[in-house]
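In what follows, a structure is listed as structure tokens, so that the remarks can point back to it.
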């Protein structure tokens, strides 16, 4: 599939102009519809991975100090856990 790269503001103007010209929408409605389409497109786009976060896990190698969890059980869970995929690592907010 061919990738198209275009500035978001320019794409919104093109969409708005097309909605006015081809579909007869009033300028205010066309601008509103174009802005909504751009919001949806931006939400559906994949975010780039952040290399420094790759290899991190959401679980620490040792349980919290106040935890009553058996250390061996915690170690087993840690060992079975996988590294975070880039999409999850990017979603983590501290």
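Residue numbers (this note's numbering): 27 to 120. Cβ coordinates follow ideal geometry from the N, Cα and C atoms, glycine included.
Scanning its chain for C-beta atoms nearer than 7 Å, with the 5 sequence neighbours on each side dropped, one finds around residue 60 the residues 38, 41, 42 and 45, in chain order. Around the Cβ of residue 56, a 10 Å sphere holds 16 or more other Cβ atoms; the residue is buried.
The residue among 67, 100 and 101 with its C-alpha nearest the C-alpha of residue 31 is 67. Taking the CA atoms as reference points, residue 69 sits about 33 Å from residue 106. Ranking 100, 72, 52 and 34 by CA distance to the CA of residue 63 puts 34 first.
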